[in-house]
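A.B. asks:
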Amino acid sequence: MRAPKSFEEGMDRLNAILAQMQQEDTSLADSVKLYAEAASLMQYCHTTLEKTSLQIEEISAKIAETVEAPQEQEEE
1 MRAPKSFEEG
11 MDRLNAILAQ
21 MQQEDTSLAD
31 SVKLYAEAAS
41 LMQYCHTTLE
51 KTSLQIEEIS
61 AKIAETVEAP
71 QEQEEE
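Going by the UniProt record's numbering, 65 is the number at position 65 of the sequence shown; the sequence numbering is gapless.
1) May I have the straight-line CA-CA distance separating Y35 from K51, to the nearest angstrom?
2) Which residues mark the beginning and the end of the alpha helix (DSSP H) in which M21 is found?
3) Rounded to the nearest angstrom, what separates K33 and S40 at their Cα positions?
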């Protein structure tokens, strides 16, 4: 399995896997392979969300510093 190019691509593939696993004609062997791929994709998506969350926290902290700095200067 190749790594998805984006979070959205990973989620699309997860949805496709889910649909395929729900088909009655999907064999047990195929289901196991699909499950392994899905587990890898879930790890990728989780890691991507964690990184994005950290980026948002960093941006928010910078914004908070920018907003607080002028207020502190005004109080002096």
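Yeah, the Cβ is synthetic: ideal placement off N, Cα and C, and Gly gets one too.
C.D. replies: Taking the coordinates as given:
1) 24 Å
2) For M21, the enclosing alpha helix (DSSP H) stretches over residues 7-21.
3) 11 Å
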